[in-house]
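Visitor: Quick one: the structure is below, questions incoming.
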Amino acid sequence: MHRRFPARATALPVCSLALLLVSPLAASATGPETMKALVVSDGHLLLRTVPKPQPRAGEVRIEIRAAAVNPADWKMARMASRMGPTPILGLDASGTIDAVGPSVEGWKRGDPVIALVRPPHGAYAQYAIVPADFIAPKPRTLTFDEAAGIPVAGITAWRSLIDVADLQPGQRVLIDGGAGGVGSAAVQIAKARGAYVIATASARNIRFLRSIGADEVIDYTAGPFERKVKDVDVVLATVNRADALRAIATLKPGGILVSIVGPVPADRCAAARIRCSAPGSSGGQPAAPYLRDVDRLADAGKYRVSVERVFPLSEAAEAWTLNEQGHTRGKLILSVAH
Ligand SMILES: NC(=O)c1ccc[n+]([C@@H]2O[C@H](COP(=O)([O-])OP(=O)(O)OC[C@H]3O[C@@H](n4cnc5c(N)ncnc54)[C@H](OP(=O)(O)O)[C@@H]3O)[C@@H](O)[C@H]2O)c1
Numbered sequence: 044m045h046r047r048f049p050a051r052a053t054a055l056p057v058c059s060l061a062l063l064l065v066s067p068l069a070a071s072a073t074g075p076e077t078m079k080a081l082v083v084s085d086g087h088l089l090l091r092t093v094p095k096p097q098p099r100a101g102e103v104r105i106e107i108r109a110a111a112v113n114p115a116d117w118k119m120a121r122m123a124s125r126m127g128p129t130p131i132l133g134l135d136a137s138g139t140i141d142a143v144g145p146s147v148e149g150w151k152r153g154d155p156v157i158a159l160v161r162p163p164h165g166a167y168a169q170y171a172i173v174p175a176d177f178i179a180p181k182p183r184t185l186t187f188d189e190a191a192g193i194p195v196a197g198i199t200a201w202r203s204l205i206d207v208a209d210l211q212p213g214q215r216v217l218i219d220g221g222a223g224g225v226g227s228a229a230v231q232i233a234k235a236r237g238a239y240v241i242a243t244a245s246a247r248n249i250r251f252l253r254s255i256g257a258d259e260v261i262d263y264t265a266g267p268f269e270r271k272v273k274d275v276d277v278v279l280a281t282v283n284r285a286d287a288l289r290a291i292a293t294l295k296p297g298g299i300l301v302s303i304v305g306p307v308p309a310d311r312c313a314a315a316r317i318r319c320s321a322p323g324s325s326g327g328q329p330a331a332p333y334l335r336d337v338d339r340l341a342d343a344g345k346y347r348v349s350v351e352r353v354f355p356l357s358e359a360a361e362a363w364t365l366n367e368q369g370h371t372r373g374k375l376i377l378s379v380a381h
């Protein structure tokens with residue numbers, strides 16, 4: 044199937060993302076110094092043979108086993124020309140260390156890891172170079188497919204709830220969009236923190252959310268959630284700005300609304316006597332401490348990644364189209380063959 048995605052994001056209807064894939068992963072062999080990668084080129088997503096990147100000082104090379112899909116991937120694709128001629132997208136990876144650059148300590152070839160990867164040298168490839176402070180050990184309790192779903196979702200949820208909201212045991216927290224990548228991470232982190240966790244989802248996800256620790260699940264299709272939820276200390280808004288605005292009514296005075304879907308007007312927050320915030324940019328801050336925090340929860344049996352579906356890397360376009368529909372439970376994973 045030959046499809047192309049439009050160059051501009053703003054005018055796109057939902058589900059309009061279309062991509063061009065020209066060759067299956069197995070179509071041509073790679074040499075020792077080359078690898079297969081999905082590159083964005085002139086509005087198309089192409090499977091290409093490209094040079095295998097070499098680690099510099101402070102970096103490791105990961106042989107990628109799985110990459111996770113994030114909404115940021117297909118959003119970035121529409122602005123890919125700003126990243127250079129043929130960027131490789133993908134932020135989340137799991138795999139094994141394949142080469143270690145000078146001055147890297149504590150890691151060796153073969154170590155299983157998870158990584159936050161940076162486009163334009165992203166995770167949609169057989170190998171990626173990552174600074175050593177952007178990796179952490181793969182949790183023993185999770186498969187490579189599951190572990191690939193940790194970085195963006197886990198870091199975003201951790202920074203929002205712990206760093207920004209300073210969530211405390213016994214506090215009431217509302218996770219709007221509890222079944223998604225960030226939402227399901229947040230439900231588990233909040234539960235592990237000892238909070239009372241309320242999450243929104245459609246009816247098909249009620250049992251799932253209960254299984255990962257939600258104390259209450261509000262079916263958003265049965266009426267506005269703000270009519271059913273009151274007096275929460277913390278809200279994490281992951282669905283859209285309209286929901287974030289409605290969530291103001293669920294907070295008690297002095298509470299905090301953390302939005303990862305755009306800012307909430309300061310006057311609305313002041314009128315409700317709440318604080319409004321966002322996790323903000325990490326500013327290049329090392330991801331490893333966050334990854335290790337989530338690792339610890341996973342290895343303690345308090346954090347898992349629900350994989351809705353695994354696609355081969357060559358079917359990333361289909362995975363993006365599915366994710367863009369907005370109803371992914373947990374994560375969609377791209378399996379990377381070698
Ligand atoms: N600022 C940041 O740092 C940052 C970081 C990561 C992500 N984000 C953004 O945050 C958003 C969420 O990311 P994600 O990875 O979690 O997305 P995702 O995994 O694709 O989220 C899908 C989930 O949203 C739920 N959902 C859809 N409509 C809903 C509604 N009206 N009420 C409650 N739940 C609803 C779906 O549940 P049902 O199937 O039950 O509807 C589904 O489980 C995206 O816009 C992403 O770009 C921002």
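Counting with the working numbering, you get residues 44 to 381 for the letters of the sequence shown. Even for Gly, the Cβ is constructed at its ideal location relative to N, Cα and C. For clarity, every value in this text was computed on a predicted model and none was experimentally measured.
List the residues that DSSP assigns as beta-bridge partners of MET78.
Guide: The residue you call residue 78 lines up with position 35 of the sequence shown. Per DSSP, VAL93.
Visitor: Can you list, in chain order, the stretches of the alpha helix (DSSP H) that have 4 or more residues and sit fully within the segment 262–304?
Guide: Whole alpha helix (DSSP H) segments, 4+ residues: 284–290.
Visitor: Is there at least one non-hydrogen atom of ligand 1 closer than 7 Å to the beta-carbon of ALA179?
Guide: As a position in the sequence shown, residue 179 is number 136, starting the count at 1. No, Cβ of ALA179 sits at least 7 Å from all heavy atoms of ligand 1.
Visitor: Whole-angstrom Cβ separation of ILE218 and VAL230, contact assumed at under 8 Å?
Guide: Walking along the sequence shown from the start, residue 218 turns up at place 175. Walking along the sequence shown from the start, residue 230 turns up at place 187. About 5 Å separates the two Cβ atoms, so the contact holds.
Visitor: Would you list the residues sitting across from VAL173 in a DSSP beta bridge?
Guide: As a working note, residue 173 is residue 130 in the sequence shown. Answer is VAL103.
Visitor: Mark GLN214 as exposed unless 16 or more other C-beta atoms lie within 10 angstroms of its C-beta, in which case mark it buried.
Guide: Numbered from its first residue, the sequence shown carries residue 214 at position 171. The residue is buried, with at least 16 neighbouring Cβ atoms inside 10 Å.
Visitor: Pick helix, strand or coil for SER320, following the three-state DSSP scheme.
Guide: Taking the first residue of the sequence shown as position 1, residue 320 is located at position 277. Strand.
Visitor: If I'm right that MET122 touches LEU132 with Cβ under 8 Å, what's the distance once you round it to whole angstroms?
Guide: Position 79 of the sequence shown, counting from 1, holds the residue named residue 122. Position 89 of the sequence shown, counting from 1, holds the residue named residue 132. About 11 Å separates the two Cβ atoms, so there is no contact after all.
Visitor: Given 8 Å as the limit, is there contact between the segment 134–148 and the segment 105–120, that is, 3 or more CB pairs closer than that?
Guide: Taking 8 Å as the limit for Cβ pairs, the verdict is that the segment 105–120 does touch the segment 134–148.
Visitor: Taking the straight line between their C-alpha atoms, what separation do you get for HIS370 and ILE261?
Guide: Sequence index remark: in the sequence shown, residue 370 carries index 327 (1-based). Sequence index remark: in the sequence shown, residue 261 carries index 218 (1-based). Taking the straight line from one Cα to the other gives about 16 Å.
Visitor: Under 8 Å between the Cβ atoms of ILE140 and VAL103?
Guide: Translated into the one-based positions of the sequence shown, residue 140 becomes position 97. Translated into the one-based positions of the sequence shown, residue 103 becomes position 60. Going by C-beta atoms, ILE140 is nearer than 8 Å to VAL103.
Visitor: Run the CB neighbour count on THR243, radius 10 Å, all protein chains shown included, and call it buried at 16 or more, exposed below.
Guide: Stepping through the sequence shown from its first residue, residue 243 is reached at position 200. With 16 or more other Cβ atoms within 10 Å, it is buried.
Visitor: In terms of DSSP beta bridges, what is ARG215 paired with?
Guide: Position 172 of the sequence shown, counted from the first residue, corresponds to residue 215. According to DSSP, which records beta bridges pairwise, ARG215 is partnered with TYR239.
Visitor: Could you give the DSSP three-state label for THR129: helix, strand or coil?
Guide: Position 86 of the sequence shown, counted from the start, is the residue given in the question as residue 129. Coil, per DSSP.
Visitor: Please classify VAL207: does DSSP put it in a helix, a strand, or coil?
Guide: The sequence position of residue 207 within the sequence shown is 164, counting from 1. Helix, per DSSP.
Visitor: Report yes if the C-beta of TYR263 is less than 7 Å from at least one heavy atom of ligand 1; otherwise report no.
Guide: Counted from its first residue, the sequence shown places residue 263 at position 220. Because some heavy atom of ligand 1 lies under 7 Å away, the Cβ of TYR263 counts as near it: yes.
Visitor: Please classify ASP258: does DSSP put it in a helix, a strand, or coil?
Guide: As a position in the sequence shown, residue 258 is number 215, starting the count at 1. Correct three-state label for ASP258: coil.
Visitor: Quick one: residues in its chain with C-beta nearer than 7 Å to the C-beta of GLY223, no 5 flanking neighbours on either side, listed in chain order?
Guide: The residue you call residue 223 lines up with position 180 of the sequence shown. Cβ within range, chain order: THR281 and THR371.
Visitor: Between the C-alpha atoms of GLY266 and ALA166, what's the straight-line distance to the nearest angstrom?
Guide: Residue 266 sits at position 223 when you count from the first residue of the sequence shown. Residue 166 sits at position 123 when you count from the first residue of the sequence shown. Rounded to the nearest angstrom, the two C-alpha atoms are 39 Å apart.
Visitor: Comparing C-alpha positions only, which one of ALA246, TYR170 and ASP276 sits nearest to ALA208?
Guide: Stepping through the sequence shown from its first residue, residue 208 is reached at position 165. The candidate whose alpha carbon is nearest that of ALA208 is ASP276.
Visitor: With a threshold of 7 Å, establish whether the CB of LYS234 neighbours any heavy atom of ligand 1.
Guide: Along the sequence shown, one-based indexing puts residue 234 at 191. LYS234 Cβ: outside cutoff for every heavy atom of ligand 1.
Visitor: Looking at SER137 and ligand 1, is the gap between the Cβ and the nearest heavy atom below 7 Å?
Guide: For this step, residue 137 is matched to residue 94 along the sequence shown. No, ligand 1 has no heavy atom inside 7 Å of this Cβ.
Visitor: Please name the residue, chosen from ILE303, PRO329 and PRO296, that lies closest to ARG318 on a Cα-to-Cα basis.
Guide: Counting from one through the sequence shown, the residue named residue 318 turns up at place 275. Selected option, being the one with the closest Cα: PRO296.
Visitor: Out of curiosity, what's the CA-to-CA distance linking GLU367 and LYS181?
Guide: Counting from one through the sequence shown, the residue named residue 367 turns up at place 324. Counting from one through the sequence shown, the residue named residue 181 turns up at place 138. Computed Cα separation, rounded: 28 Å.
Visitor: Among ASP85, THR364 and ALA171, which residue has its Cα nearest to the Cα of THR30?
Guide: There is no way to answer for residue 30, as the model of the chain reaches only from 44 to 381.
Visitor: Less than 7 Å between C-beta atoms, sequence neighbours within five positions excluded: which residues of the same chain meet that for ASP176?
Guide: Locating residue 176 in the sequence shown gives position 133, counting from the first residue. So the qualifying residues of the chain are PRO329 and ALA331.
Visitor: Whole angstroms is fine: what's the gap from THR77's alpha carbon to ILE376's?
Guide: As a working note, residue 77 is residue 34 in the sequence shown. As a working note, residue 376 is residue 333 in the sequence shown. So the alpha carbons of these two residues sit roughly 23 Å apart.
Visitor: Is it buried or exposed for HIS164, if we count other Cβ within 10 angstroms and need 16 for buried?
Guide: Your numbering for residue 164 matches position 121 in the sequence shown. When all chains shown are included, HIS164 counts as buried.
Visitor: Along the alpha helix (DSSP H) that carries LYS118, what are the first and last residues, could you check?
Guide: Locating residue 118 in the sequence shown gives position 75, counting from the first residue. Per DSSP, LYS118 belongs to the alpha helix (DSSP H) from 114–120.
Visitor: Here's the rule: buried if 16 or more other CB atoms are within 10 angstroms of the residue's CB, otherwise exposed. What is HIS87?
Guide: Your numbering for residue 87 matches position 44 in the sequence shown. The residue is buried, with at least 16 neighbouring Cβ atoms inside 10 Å.
Visitor: Nearest to ASP274 by CA position, among ALA171, ALA315 and ASN113, is which residue?
Guide: Counting from 1 along the sequence shown, the entry for residue 274 is found at position 231. The shortest Cα separation from ASP274 among ALA171, ALA315 and ASN113 belongs to ALA315.
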